[in-house]
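Those letters in the sequence shown? Residues 4 to 107, per the numbering used here, in order.
Even for Gly, the Cβ is constructed at its ideal location relative to N, Cα and C.
The structure presented is a predicted model; accordingly, all values stated were derived computationally and were not measured.
Please read the structure below before turning to the comments.
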Amino acid sequence: MFKKLEKVFDILGEILAVLLVIVYAVTLLNAKLDFIEPGTLLNVLNGIRFYGSVILIGVVGLEAMCKRNIVFFLIFLVLLALVVVLMFFPEVFDSMVSTVTSAI
């Protein structure tokens with residue numbers, strides 16, 4: 004269904020994977036050797052390391068779902084949206100739990 008998008012997600016996934024390996028290597032080496040001063044650059048690298056993993060999972064998952072039917076694609080999108088919302092707004096989880104427990 005989304006064969007053209009599959010190639011785009013494949014290329015994006017490969018680029019993101021290489022960049023994330025480089026970022027992980029630099030941040031792990033920095034943890035031992037301490038060659039980057041604490042500040043903006045280190046904060047950016049840590050942000051890329053944290054959010055880049057989720058982005059890579061999303062891109063690779065979208066690549067895999069392009070080969071499947073629309074139902075699996077939509078289920079994956081809903082689950083990915085749930086992960087992103089809970090990452091950026093953790094209080095949403097508490098709200099969901101309180102709503103479910105009050106209904107029971």
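Close beta carbons around residue i, own chain, < 7 Å, minus the five adjacent residues each side
i	result
residue 12	62, 65, 66, 69
residue 5	69
C-beta atoms of residue i and residue j nearer than 7 Å
i	j	result
residue 23	residue 55	yes
residue 26	residue 60	no
Rounded distance between the beta-carbons of residue j and residue i, thought under 8 Å
i	j	result
residue 95	residue 57	That belief does not hold up - the Cβ atoms of residue 95 and residue 57 are roughly 16 Å apart, past 8 Å.
residue 39	residue 45	5 Å
Range covered by the alpha helix (DSSP H) that runs through residue i
i	result
residue 40	Run containing residue 40: none; DSSP gives neither H nor E here.
residue 92	Segment: none, residue 92 is in no alpha helix (DSSP H) and carries neither H nor E.
Close beta carbons around residue i, own chain, < 8 Å, minus the five adjacent residues each side
i	result
residue 29	39, 48
residue 16	59, 62, 63, 66
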